[in-house]
Amino acid sequence: MAIYSNQYDVIVVGAGHAGCEAALAGARLGLKTLVLTMNIEVVAAMSCNPAIGGLGKGHLVKEIDALGGEMGLNADATGIQFRQLNTRKGAAVQSSRCQSDKYLYALRMKSVLEKQENLFLKQQIVEGLLIKNDQVKGVKTNIGETFFSRCIIITTGTFMNGLLHVGTKSKSGGRAGEGTSGGISQCLTSLGIELGRFKTGTPPRLDGLTIDYSKCLEQPGDKNPTPFSFLTKTLPQPQVSCFITYTNTQTHEIIRKNLHKSPLYAGIIKSTGPRYCPSIEDKIVRFSNRERHQIFLEPMGLNTTEVYINGASTSLPVDVQIELLRSISGLENVEMTRTGYAVEYDYAKPTQLKPTLETKQVEGLYLAGQINGTSGYEEAAAQGLVAGINAALHCKGKEPFILDRSQAYIGVLIDDLITKGVEDPYRMMTSRAEYRLLLREGNADLRLTEKAREIGLIRDDRWNVFEKRKESLDELRKKIKETKISPSNENILKLEKIKTATPKKMISLEELLRRPEIGYENLSLFDVNICDGSVGKELEIDIKFKGYIEKQEESIQQFKKLESLRIPKDFIYSNIPGFSREVIEKLEKVKPASLGQASRISGVTPSAMTNLMIYLKKRSFEQRKLK
Amino acid sequence: MLFHLSQIHKTDDTICALATPIGVSALGIVRLSGSKALAIVENLTKLSQPLKSHEIIKTTIKNPKTKERVDEVCLSYFKNPKSYTGEDMIEIYAHGNPHILNDILHLCVQNGGRLAKPGEFSSRAFLNGKMDLTQAEAVSGLIHSKSSLTRKLAHKQLKGEFFGILKELKEALVQTLSHIEAHLDFETEGDVKEFSQDGFLLNKTENLQKKVEGLTTSYKQNQKLMQGLKVVFVGKPNVGKSSLFNAFLNEERAIVTEVPGTTRDVLYETVFFDQSEIEILDTAGVHKTEDVVEKQGIERTKKAINSADIIFVVVHAHEDFQKEDHEILTWLHDKKEHCVLLLNKADLGKRNTPQIFFQNSFYVSAKSGEGIDELKRFLKENYLEKEINDAEFIVTHQRHYEILEKTNEKIQSLKEGIQNKISLEYLACDVSEALHLLGEITGETTSEEVIQKIFSEFCIGK
Numbered sequence: 022m023a024i025y026s027n028q029y030d031v032i033v034v035g036a037g038h039a040g041c042e043a044a045l046a047g048a049r050l051g052l053k054t055l056v057l058t059m060n061i062e063v064v065a066a067m068s069c070n071p072a073i074g075g076l077g078k079g080h081l082v083k084e085i086d087a088l089g090g091e092m093g094l095n096a097d098a099t100g101i102q103f104r105q106l107n108t109r110k111g112a113a114v115q116s117s118r119c120q121s122d123k124y125l126y127a128l129r130m131k132s133v134l135e136k137q138e139n140l141f142l143k144q145q146i147v148e149g150l151l152i153k154n155d156q157v158k159g160v161k162t163n164i165g166e167t168f169f170s171r172c173i174i175i176t177t178g179t180f181m182n183g184l185l186h187v188g189t190k191s192k193s194g195g196r197a198g199e200g201t202s203g204g205i206s207q208c209l210t211s212l213g214i215e216l217g218r219f220k221t222g223t224p225p226r227l228d229g230l231t232i233d234y235s236k237c238l239e240q241p242g243d244k245n246p247t248p249f250s251f252l253t254k255t256l257p258q259p260q261v262s263c264f265i266t267y268t269n270t271q272t273h274e275i276i277r278k279n280l281h282k283s284p285l286y287a288g289i290i291k292s293t294g295p296r297y298c299p300s301i302e303d304k305i306v307r308f309s310n311r312e313r314h315q316i317f318l319e320p321m322g323l324n325t326t327e328v329y330i331n332g333a334s335t336s337l338p339v340d341v342q343i344e345l346l347r348s349i350s351g352l353e354n355v356e357m358t359r360t361g362y363a364v365e366y367d368y369a370k371p372t373q374l375k376p377t378l379e380t381k382q383v384e385g386l387y388l389a390g391q392i393n394g395t396s397g398y399e400e401a402a403a404q405g406l407v408a409g410i411n412a413a414l415h416c417k418g419k420e421p422f423i424l425d426r427s428q429a430y431i432g433v434l435i436d437d438l439i440t441k442g443v444e445d446p447y448r449m450m451t452s453r454a455e456y457r458l459l460l461r462e463g464n465a466d467l468r469l470t471e472k473a474r475e476i477g478l479i480r481d482d483r484w485n486v487f488e489k490r491k492e493s494l495d496e497l498r499k500k501i502k503e504t505k506i507s508p509s510n511e512n513i514l515k516l517e518k519i520k521t522a523t524p525k526k527m528i529s530l531e532e533l534l535r536r537p538e539i540g541y542e543n544l545s546l547f548d549v550n551i552c553d554g555s556v557g558k559e560l561e562i563d564i565k566f567k568g569y570i571e572k573q574e575e576s577i578q579q580f581k582k583l584e585s586l587r588i589p590k591d592f593i594y595s596n597i598p599g600f601s602r603e604v605i606e607k608l609e610k611v612k613p614a615s616l617g618q619a620s621r622i623s624g625v626t627p628s629a630m631t632n633l634m635i636y637l638k639k640r641s642f643e644q645r646k647l648k
Numbered sequence: 113m114l115f116h117l118s119q120i121h122k123t124d125d126t127i128c129a130l131a132t133p134i135g136v137s138a139l140g141i142v143r144l145s146g147s148k149a150l151a152i153v154e155n156l157t158k159l160s161q162p163l164k165s166h167e168i169i170k171t172t173i174k175n176p177k178t179k180e181r182v183d184e185v186c187l188s189y190f191k192n193p194k195s196y197t198g199e200d201m202i203e204i205y206a207h208g209n210p211h212i213l214n215d216i217l218h219l220c221v222q223n224g225g226r227l228a229k230p231g232e233f234s235s236r237a238f239l240n241g242k243m244d245l246t247q248a249e250a251v252s253g254l255i256h257s258k259s260s261l262t263r264k265l266a267h268k269q270l271k272g273e274f275f276g277i278l279k280e281l282k283e284a285l286v287q288t289l290s291h292i293e294a295h296l297d298f299e300t301e302g303d304v305k306e307f308s309q310d311g312f313l314l315n316k317t318e319n320l321q322k323k324v325e326g327l328t329t330s331y332k333q334n335q336k337l338m339q340g341l342k343v344v345f346v347g348k349p350n351v352g353k354s355s356l357f358n359a360f361l362n363e364e365r366a367i368v369t370e371v372p373g374t375t376r377d378v379l380y381e382t383v384f385f386d387q388s389e390i391e392i393l394d395t396a397g398v399h400k401t402e403d404v405v406e407k408q409g410i411e412r413t414k415k416a417i418n419s420a421d422i423i424f425v426v427v428h429a430h431e432d433f434q435k436e437d438h439e440i441l442t443w444l445h446d447k448k449e450h451c452v453l454l455l456n457k458a459d460l461g462k463r464n465t466p467q468i469f470f471q472n473s474f475y476v477s478a479k480s481g482e483g484i485d486e487l488k489r490f491l492k493e494n495y496l497e498k499e500i501n502d503a504e505f506i507v508t509h510q511r512h513y514e515i516l517e518k519t520n521e522k523i524q525s526l527k528e529g530i531q532n533k534i535s536l537e538y539l540a541c542d543v544s545e546a547l548h549l550l551g552e553i554t555g556e557t558t559s560e561e562v563i564q565k566i567f568s569e570f571c572i573g574k
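Going down the list, the protein sequences come from chains Z and E. If you're matching positions, the first sequence starts at 22 in my numbering and goes up one per residue. If you're matching positions, the second sequence starts at 113 in my numbering and goes up one per residue.
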């Protein structure tokens with residue numbers, strides 16, 4: 022029975038943060054895209070904290086935006102508190118973060134999907150994948166419907182065999198109050214895709230009216246909030262505050278006393294949880310000498326009094342949750358609206374993926390988001406975007422779109438996943454990016470927008486904004502290089518005003534800007550007026566840290582050299598003498614595309630790398646000789 | 113990419129080479145390494161029983177085509193991976209006749225082997241993960257070592273001691289880096305305390321610097337010793353330099369005549385002294401001359417003085433310092449502590465008393481042999497018997513020294529960065545680069561060009 026037209030180019034399974042970006046990218050690249058979701062009421066749901074961005078994650082959002090994705094725009098339109106993080110450190114490690122009205126966020130994203138040409142959104146549960154000769158054909162759903170497509174992108178998050186835990190009780194589900202899907206797990210396994218199992222958790226939600234904020238420290242947003250998107254001019258939502266409080270020894274005592282009731286410590290949960298986002302139980306056990314832990318109270322929206330308690334993720338029984346909450350200053354009389362819980366779920370081991378996020382086993386089958394063992398909305402969205410773009414390019418028969426580690430955090434994210442795999446839910450951090458001095462939030466557009474324009478993802482409005490920004494930066498660069506100032510009386514006065522030494526001879530404004538005490542704003546004294554602060558900042562970083570930046574550029578050259586040494590797809594590692602079985606197994610599992618990728622696989626020894634390098638070079642030399 | 117492909121060794125064939133020097137000797141060794149080693153040797157020997165690993169057997173090598181006997185030999189077989197290269201290896205111990213050894217090698221090549229390039233056995237050992245680069249370099253160091261000290265150091269390095277030191281340095285750097293990264297990525301979450309201004313990072317950095325500088329200093333201080341000691345004889349004409357030189361060498365090396373100025377050039381000889389190599393230079397006599405050739409000789413003497421580790425200043429024992437002796441002293445001012453006064457011809461009388469200019473002086477006689485043994489003992493005790501305790505390590509390779517110097521620059525830049533309160537992500541760059549550099553020493557981050565260069569310094573057969 023075919024009620025609907027059942028022929029599509031791309032089918033996206035799931036409408037979370039990965040699914041939305043994947044579907045939008047596909048549709049915006051002109052492909053007929055179908056999104057199937059279990060529950061059409063919860064598109065782009067913020068299942069955990071009501072926030073976008075954070076250290077390293079803000080970079081991802083900026084990059085998604087620079088590539089024509091939706092997350093940045095959606096966060097700007099629905100954000101209720103914006104803050105720049107790490108402002109006392111250098112620009113490369115500063116990140117943007119915002120609190121979102123989670124309801125507005127989901128609503129707006131749903132409406133963007135609905136309005137998008139070529140995009141079809143339907144509520145149906147996918148129960149089976151149709152695969153023939155290791156090629157995608159389509160999906161079967163719970164209502165007996167069959168949809169055909171050339172590509173399928175699976176973005177089912179924590180919903181594959183999801184199991185929710187509160188205390189020692191557990192129940193199947195991908196998110197509190199929702200079901201789970203076992204069908205896809207089964208399908209993937211039958212296709213030979215290896216699954217693993219992870220755990221993650223979420224804190225309780227509180228009734229804000231029962232919090233005594235006078236005992237907490239107010240944390241307002243930035244006075245001049247900066248948006249995520251390069252397109253956003255104004256932030257429409259009213260800005261609100263978060264609050265900070267702390268756990269205390271009494272809280273820790275309660276947790277310790279009840280540790281045996283925690284599913285993790287009682288041995289019910291055996292899978293690994295996120296190392297960099299531990300539950301409060303974990304924190305007490307792992308940092309037993311700490312007397313207190315910071316807790317952030319974050320509003321969940323403008324039209325709700327519900328509050329998210331960041332830093333207190335727990336799966337202890339309900340009575341213990343209340344007891345520990347009420348031991349915290351400001352929360353003595355708090356009412357809990359929803360309990361915290363842990364969720365265990367299946368993920369697919371990401372070393373089985375190509376850099377396009379297509380599975381190596383099945384042509385046209387892509388996996389993106391938490392299903393690949395990541396955590397976080399931003400990590401999910403970034404993968405969704407890459408999978409969506411590549412599925413579309415695949416349908417069009419075009420070259421894949423791959424970002425490498427020197428180009429974007431997105432490149433780092435995907436390379437880490439497919440090369441190193443995941444030991445625990447993967448979270449982005451700036452330290453993962455070896456070229457982070459060059460991968461700043463502020464230059465995400467300069468790094469990426471042209472590339473996205475080439476594949477057709479950048480609309481004219483965004484392109485115009487980009488070109489203007491780039492032009493003004495280039496102009497400024499030229500201008501401050503060429504403008505020289507002499508130690509004239511007039512200039513001496515100006516320089517004294519900005520508390521910097523008078524140069525003995527003529528110097529360029531570029532040289533002046535290199536001084537630590539000089540900011541781009543000071544250049545206005547010499548008639549260089551920079552009205553766009555974001556452009557001024559970029560200019561300043563380029564000049565001030567030229568030495569470090571140049572060094573990173575040099576090491577990128579080295580990196581590219583290794584990346585350019587390609588390893589043939591059908592390469593047989595056991596042919597190389599001197600490789601241990603362990604090394605061969607690791608290389609054969611990942612099937613690295615280049616020598617550079619091979620070098621990042623853990624357990625591949627330096628001598629094996631040298632051996633491989635010599636073997637490859639010799640091979641390409643002999644092949645050239647044959648020609 | 114600039115790259116000499118012709119230099120890349122093939123790694124999947126079987127190599128063979130002579131492991132002992134060419135020339136008549138009691139024994140000569142041919143070694144083979146590679147998957148075909150066993151097959152090749154079995155073809156040449158027609159053994160009735162298969163070879164067992166790590167056993168020595170006696171057999172006959174015959175030319176498989178002509179059935180002609182080549183030699184009676186002993187064989188040992190080392191099955192992979194328990195061999196020097198990590199591949200199947202066979203060593204053939206034959207009689208040390210160059211023709212026999214050549215024939216054996218020739219037969220190995222005819223039956224599927226390939227003549228090895230210098231260092232190819234060791235480079236295979238490295239590629240097969242049998243040793244890291246510092247160990248491979250130690251093997252080369254051991255072969256070329258010039259003193260008991262350098263041998264001892266090469267053994268230490270071969271045992272992996274240097275690798276261990278580098279590992280410690282790297283661990284300290286990694287710790288520093290993770291400290292920095294934790295502050296960059298987690299400070300805002302309140303789980304990491306505000307970066308301490310108590311000098312923790314500076315302390316750690318200074319400790320690191322001390323360690324790295326200790327290593328570079330050890331190289332600089334002991335470099336002379338590594339390369340062998342250089343001793344120079346200087347003195348006015350006919351003072352007996354060449355006779356002393358000869359007495360030292362126990363042979364008539366320099367031409368000795370009564371005509372002043374016979375030695376017009378710098379003569380040198382390398383001798384083994386208590387298992388250490390020293391180079392001894394005899395120089396032209398120093399006096400005012402119009403002779404162009406002799407003038408050049410004097411210039412060369414000055415050069416030799418500058419490059420010397422020890423300068424033996426020869427004067428007559430039976431007469432006071434002459435004008436020419438004093439002139440020589442003016443050249444030696446900068447090298448005062450390296451000078452030893454030799455009062456020669458002590459058999460003719462001992463009028464000249466030792467001067468304050470010299471810390472050490474000896475009455476010697478080339479003719480009677482007086483004082484020569486004493487002088488040799490002095491050399492040995494003061495210059496050749498540098499003892500190192502087991503905890504001490506001396507960097508012996510210039511490559512290591514250069515990388516350590518660069519590492520030190522990064523650590524210095526890190527230190528300055530901390531002092532100038534530069535933001536942490538820039539400091540992290542310095543630490544990462546220092547780590548990368550240390551990896552170059554062990555071969556973890558070394559480019560193939562470096563590896564090729566290292567193994568090209570080996571001799572054939574190793």
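Think of the CB as a built atom: it goes at the ideal place given N, C-alpha and C, for glycine as much as any other residue. Since the structure is predicted, the reported quantities are computational estimates derived from the model, not experimental observations.
Which of helix, strand or coil does DSSP assign to Z/Leu586?
coil
Would you verify that the beta carbon of Z/Tyr569 is, or is not, closer than 8 angstroms to some beta carbon of chain E?
yes
Neighbour-count burial assignment, Z/Ile439, 16 or more Cβ in a 10 Å radius
buried
Note down, in chain order, each residue of its chain lying with its Cβ closer than 7 angstroms to the Cβ of E/Ala62, except the 5 sequence neighbours on either side.
Outside the shown range of chain E (113 to 574) lies residue 62 of chain E, about which nothing can therefore be said.
Classify Z/Gln644: buried if its beta carbon has 16 or more other beta carbons within 10 angstroms, exposed otherwise.
exposed
Given Z/Thr231, which residues of its chain have a CB within under 7 angstroms of its CB, disregarding the five upstream and five downstream residues?
Asn354, Val355 and Glu356
Can you tell me where the alpha helix (DSSP H) holding E/Phe274 begins and where it ends?
Glu273 to Phe298
Closest residue to Z/Ile392 among Z/Val157, Z/Arg587 and Z/Glu365 (Cα-Cα distance):
Z/Glu365
So the candidates are E/Asn350, E/Cys541 and E/His295; which of them puts its Cα closest to the Cα of E/Lys527?
E/Cys541
What span of residues does the beta strand (DSSP E) with Z/Pro320 cover, start to end?
Gln315 to Pro320
Measure the Cβ-Cβ separation of Z/Ile501 and Z/Leu530 and say whether it is below 8 angstroms.
yes
Using the Cα positions of Z/Asn274 and Z/Pro225, report the straight-line distance between them to the nearest angstrom.
Note on residue identity: the sequence assigns Glu, not Asn, to residue 274 of chain Z. Roughly 19 angstroms between the two C-alpha positions.
Can you list the residues of chain E that Z/Ala113 reaches, using a CB-CB cut of under 7 angstroms?
Glu537
Check each candidate in Z/Ile635, Z/Arg640, Z/Cys41 and Z/Ser641 and name the one with the smallest Cα separation from E/Leu239.
Z/Ile635
If you reduce the DSSP assignment to three classes, tell me which class E/Val368 lands in.
Note that E/Val368 scores 49 on pLDDT, short of 50, meaning its location in the model is unreliable and no value can be drawn from it.
Less than 7 angstroms between C-beta atoms, sequence neighbours within five positions excluded: which residues of the same chain meet that for Z/Leu633?
Ile597, Leu616 and Ala619
Please give me, in chain order, every unbroken run of the alpha helix (DSSP H) with length at least 4 that falls completely inside the segment 124 to 178 of chain E.
149 to 157
Mind checking the segment 304 to 323 of chain Z against chain E and listing, in chain order, the residues whose C-beta falls within less than 9 angstroms of any C-beta there?
Lys304, Phe308, Arg311, His314, Gln315, Ile316 and Phe317
If we cut at 8 angstroms on Cβ distances, does E/Cys128 have a partner in chain Z?
no
Is the CB-CB distance between E/Val507 and E/Leu327 below 8 angstroms?
yes
Determine the extent of the beta strand (DSSP E) in which Z/Lys143 is found, giving its start and end residues.
Leu140 to Gln144
For a cutoff of 8 angstroms on Cβ pairs, would you count E/Glu521 as touching chain A?
No chain A appears in this structure, whose protein chains are Z and E.
Using a Cβ-Cβ cut-off of less than 8 angstroms, list which residues of the segment 257 to 280 of chain E approach chain Z; keep chain order.
none
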